[in-house]
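**Student:** According to my numbering, the sequence shown holds residues 129 to 363 in order. For every residue, glycine included, the Cβ atom is placed at its ideal position computed from N, Cα and C. I have a structure here, written as C-alpha cells, and I will follow up with some questions on it.
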Amino acid sequence: MKIVRAADYEEMSRRAAGVIAAQVILNPASVLGLATGGTPVGAYEQLAIWHKNGDLDFSGVTSVNLDEYCGLEGTHPQSYRYFMQKNLFDHVNIPAENTHLPSGTADPAAECARYEALINSLGGIDMQLLGIGHNGHIGFNEPGPAFERDTHAVTLSAETIHANARFFVSADEVPRQALTMGMGAIMKAKRVLLVASGTEKADILDRALNGPITPEVPASILQLHPDLTVVTGGI
Ligand code: F6R
129 MKIVRAADYE EMSRRAAGVI AAQVILNPAS VLGLATGGTP VGAYEQLAIW
179 HKNGDLDFSG VTSVNLDEYC GLEGTHPQSY RYFMQKNLFD HVNIPAENTH
229 LPSGTADPAA ECARYEALIN SLGGIDMQLL GIGHNGHIGF NEPGPAFERD
279 THAVTLSAET IHANARFFVS ADEVPRQALT MGMGAIMKAK RVLLVASGTE
329 KADILDRALN GPITPEVPAS ILQLHPDLTV VTGGI
C-alpha cells in the first residue's frame, strides 16, 4: 500500500489526477474504473485541463463506473451518468460509446448480469478509482454480513441517504436503491486508487486501512489488494 498525504483538497486532486494520467500515458488503451461523489471532482477537473492543453489523450480509453441510482434516467441531474458527463466525459475525448455505467432504469437483475459480463468482456479494470463513504462503503457496497462479489442491487443505508441528500433538494428525493459493481471486479482491478479528503473521513479511513478486514467496513478489503495507492487531502 502506498499512501500519499496531500496538504489539502487541491493538492490531493492534482496528485490523484497525476496517478490517473500516468496510467493513461503508459497504457493508452486503459480500462478505467471511475467513481462519482464530491471527492474526485477536482481530479476530473485537472484531467480535463491537461486534456485541453493537449497533454492527455483519452481516445483509446474505456471507462466503467462503479454505480448508479435505480429509477433515474441518465438525463436526470442527480444521476451518476449525468454527473460523469458534466464533470469529465464532456471535457475529454473518451469515445462516448466507450463510457459505461449501469442503467438505473433497466430491469435490475438483468442489468447487473449485463454489467458484470461487460466488465469481464473488457478484460477487467486496469485502474479503479474509489472514494470512501462515511460508513466505509466503496461503490455502493454497504456494510453488511458479507462481501458481495458481483454487480448487484443494494438498498442504500440510512447513513448513505443522509450523506448524499446534499446533492438533492431533500433526503426524500434520494433513491433508496442503487446498482453497484461488486467487490470482485474492484479487487481484480490491476491497480486501485483511493481518494479521501477532509478530517471527517479520517476515522473511517483509519478503520479501513488499519482495522480488521470485515464486511462491516467494506473498504477494509482493500488491505488485501496488491497495488493500492491512497491519496488523502487534509487528513
Ligand atoms: C460514488 C461511490 C461512492 C463515493 C462515496 C464517497 O460512485 O461509489 O462510494 O465514492 O460515497 O463520496 P464523496 O466523495 O461524495 O464523499
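(1) CB of I332 to nearest heavy atom of the ligand F6R: below 7 Å?
(2) Using a threshold of 8 Å, state whether the C-beta atoms of G362 and A135 are closer than that.
(3) What does a CB cutoff of less than 8 Å around A176 pick up in its chain, not counting 5 residues either side in sequence?
(4) Could you name each continuous beta strand (DSSP E) segment of 3 residues or more that falls completely within the stretch 184–238, going from the start of the chain to the end?
(5) Report the option in N263, D300, E301 and L307 whose CA atom is closest to the CA atom of H280.
(6) Determine, using beta-carbon pairs with one atom in the stretch 314–331 and one in the stretch 254–272, whether at least three such pairs fall under 8 Å.
(7) Following a CB-centred definition, is Y208 positioned closer than 7 Å to any heavy atom of the ligand F6R?
(8) Could you round the C-beta distance between Y197 and G232 to whole angstroms and report it? I think they count as a contact, below 8 Å.
(9) Assuming S191 contacts I153 (C-beta within less than 8 Å), just tell me the rounded distance between them.
(10) Less than 8 Å between the C-beta atoms of V132 and T357, yes or no?
(11) Just to confirm my understanding: we take M129, look at its own chain, exclude 5 residues before and 5 after, and list those with CB closer than 6 Å. What are they?
(12) Grab me the residues of F296's own chain with a C-beta within less than 8 Å of its C-beta, minus the 5 sequence neighbours each way, in chain order.
(13) Rounded to a whole number of angstroms, what is the C-alpha to C-alpha distance between T342 and I247?
(14) Measuring CA to CA, which of T360, A317 and K316 is closest to L337?
(15) Can you list the beta strand (DSSP E) stretches of 3 or more residues lying completely in the stretch 311–357, in chain order?
(16) Could you tell me which of Q351, F186 and Y137 sits nearest to P156, measuring between CA atoms?
(17) Taking the runs of the alpha helix (DSSP H) that are 4 residues or longer, which of them lie wholly in the stretch 251–312?
(18) From G252 to V159, what distance separates their C-alpha atoms?
(19) Determine the extent of the beta strand (DSSP E) in which I153 is found, giving its start and end residues.
(20) According to DSSP, is A157 part of a helix, a strand, or is it coil?
(21) Starting from the Cα of R304, find the closest Cα among C240, A171, S285 and R335 and give me that residue.
(22) Enumerate in chain order the residues of its own chain whose CB-to-CB distance from S141 is below 6 Å, with the five nearest sequence positions on each side excluded.
(23) Mapping DSSP to helix, strand and coil, what is G166?
(24) Does the beta-carbon of K180 have 16 or more other beta-carbons within 10 angstroms, so that it is buried, or is it exposed?
**Tutor:** On the basis of the data shown:
(1) no
(2) yes
(3) L216, H219 and V220
(4) 190–193 and 195–197
(5) L307
(6) yes
(7) yes
(8) 5 Å
(9) Between I153 and S191 the Cβ distance is about 16 Å, and since that is not below 8 Å, they are no contact.
(10) yes
(11) L356
(12) Q206 and V302
(13) 25 Å
(14) T360
(15) 319–325
(16) F186
(17) 286–292
(18) 7 Å
(19) Element bounds for I153: not the beta strand (DSSP E) but the alpha helix (DSSP H), Y137 to L154.
(20) coil
(21) S285
(22) G170, A171 and Q174
(23) coil
(24) exposed
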